[in-house]
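The structure under discussion appears below in the form of structure tokens.
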Amino acid sequence: MSLFSGIGGLEYAAEIIGGFDINQLVEIDTAAKIVLSDRFPYIPIYSDICTYQPSLYEFDMIWGGFPCTQTSGAGKRTGVSDRTSISGAMFREFLRCVCQCKPRIVLLEQPMGFADRGLRAWVGGLKLAKYSSFDPLVIAADELGAPFERTRLFIISYPTEWEREGVRRCWNDKVREVVQRQRDQARWLAVERRGNSIVARFPGGLVPSLIAVPSNYPGRIDARKLGGQTITVPQACVALEMVKWIWSAG
28 MSLFSGIGGL EYAAEIIGGF DINQLVEIDT AAKIVLSDRF PYIPIYSDIC
78 TYQPSLYEFD MIWGGFPCTQ TSGAGKRTGV SDRTSISGAM FREFLRCVCQ
128 CKPRIVLLEQ PMGFADRGLR AWVGGLKLAK YSSFDPLVIA ADELGAPFER
178 TRLFIISYPT EWEREGVRRC WNDKVREVVQ RQRDQARWLA VERRGNSIVA
228 RFPGGLVPSL IAVPSNYPGR IDARKLGGQT ITVPQACVAL EMVKWIWSAG
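No gaps in the numbering here: position 127 of the sequence shown is 154 in our numbering, and each next residue is one more.
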């Protein structure tokens, strides 16, 4: 199950890697849902996480990244302690879904600021629900060959009774292996400003031309906002490759 699905960065990465069967998306943004419906027409979309009620053991895995307005370095930086804030409220809704469903794997994605503004609360909340967490994955896009940094934090958790000591011993070596493999495989979109237009150049071999979006083009602002909020696919691939490895280890 995917919570706060956005435009489907994690879902697209799951398609690339293979081995994941996505049965439910949860996303409230209208523009994002249009993208999801077009890209994943076979997956149902539920709009409001606050009224979504997953059944016990309905899903093997829950992933997602709740809004980072209060957890990122660019936001208000108040963290998740304020229940009335969007980050604080959605943090609790994510935990509620985990407690109701009891999946085997939980994957959370957040900006790097979450390390100081929510990580302890997240790991502690999951510990109360009898989940253990691996060391956070800190993946910067430029580590994977991107022309920008965009660091993201991933926390993978699992039921404490399903102990993964063998995985923990090899964790750092496996992360390095997966990051290097993704760096070798990733291809990035280059974007630059030309006058009033944003010009995109696709990686070699995909599209041999530039694509410019005029400043007054309908939907341009929504598209830029959604693109800025989504996780990059190579970063998502690293996290999901680690999930597959954890699952196969036992």
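Every residue gets a Cβ at the ideal spot worked out from N, C-alpha and C, and that includes glycine.
Only a predicted model underlies this, so the values are computations on that prediction, with no experimental measurement involved.
Is the beta carbon of residue i sitting closer than 8 Å to the one on residue j?
i, j, result
"ILE89", "CYS128", "yes"
"PRO186", "ARG131", "yes"
"ILE72", "GLU54", "yes"
"ILE258", "LEU52", "no"
"TRP44", "LEU267", "For the sequence presented, residue 44 should be read as Ile rather than Trp. Cβ distance < 8 Å, so ILE44 and LEU267 count as in contact."
"GLN281", "ARG203", "Since the displayed the chain opens at 28 and closes at 277, residue 281 lies outside it and no answer follows."
"CYS264", "GLN209", "yes"
"GLY35", "ARG66", "yes"
Give the straight-line distance between the Cα atoms of residue i and residue j, rounded to the nearest whole angstrom.
i, j, result
"LEU153", "PHE31", "18 Å"
"SER112", "PRO94", "10 Å"
"ILE49", "ILE273", "18 Å"
"VAL165", "GLN137", "10 Å"
"TRP215", "ASP169", "10 Å"
"LEU63", "TYR158", "30 Å"
"ILE182", "ALA116", "19 Å"
"LEU155", "ASP56", "31 Å"
"LEU237", "ARG251", "Unreliable positioning characterises LEU237 in this predicted model, as indicated by a pLDDT of 47, which lies under 50. A coordinate reading is not provided."
"LYS201", "ARG195", "10 Å"
"SER29", "PHE141", "20 Å"
"GLU176", "THR78", "36 Å"
"LEU269", "GLY92", "Looking at the sequence itself, residue 269 is Met, so the reference to Leu does not match. If you take the alpha carbons of MET269 and GLY92, they lie about 17 Å apart."
"ARG144", "PHE118", "12 Å"
"TRP189", "TYR244", "51 Å"
"GLY151", "PHE161", "13 Å"
"MET139", "TYR39", "22 Å"
"ARG59", "GLN256", "A small correction: the amino acid at residue 59 is Ala; Arg does not occupy that position in the sequence shown. Cα to Cα, ALA59 sits roughly 11 Å from GLN256."
"GLY106", "PRO81", "26 Å"
"PHE121", "ASP75", "12 Å"
"PHE47", "GLU85", "15 Å"
"ASP249", "SER242", "12 Å"
With DSSP as the reference, label residue i as helix, strand or coil.
i, result
"SER236", "Note on SER236: pLDDT 48, under 50, position unreliable in the model; the coordinate value appears next. In the structure shown, SER236 sits in coil (DSSP, three-state: anything other than H, G, I, E or B)."
"THR178", "strand"
"ALA167", "strand"
"TYR244", "coil"
"ILE258", "coil"
"MET269", "helix"
"SER184", "strand"
"SER275", "helix"
Is it buried or exposed for residue i, if we count other Cβ within 10 angstroms and need 16 for buried?
i, result
"PRO174", "exposed"
"GLN212", "exposed"
"LEU134", "buried"
"ALA41", "buried"
"LEU83", "exposed"
"TRP278", "This structure cannot settle anything about residue 278, because the visible part of the chain is limited to 28 through 277."
"SER184", "buried"
"PRO68", "exposed"
"SER275", "exposed"
"CYS197", "exposed"
- Quick one: which unbroken alpha helix (DSSP H) runs of 4-plus residues sit fully inside the segment 54-141? Chain order, please. 57-66, 113-128
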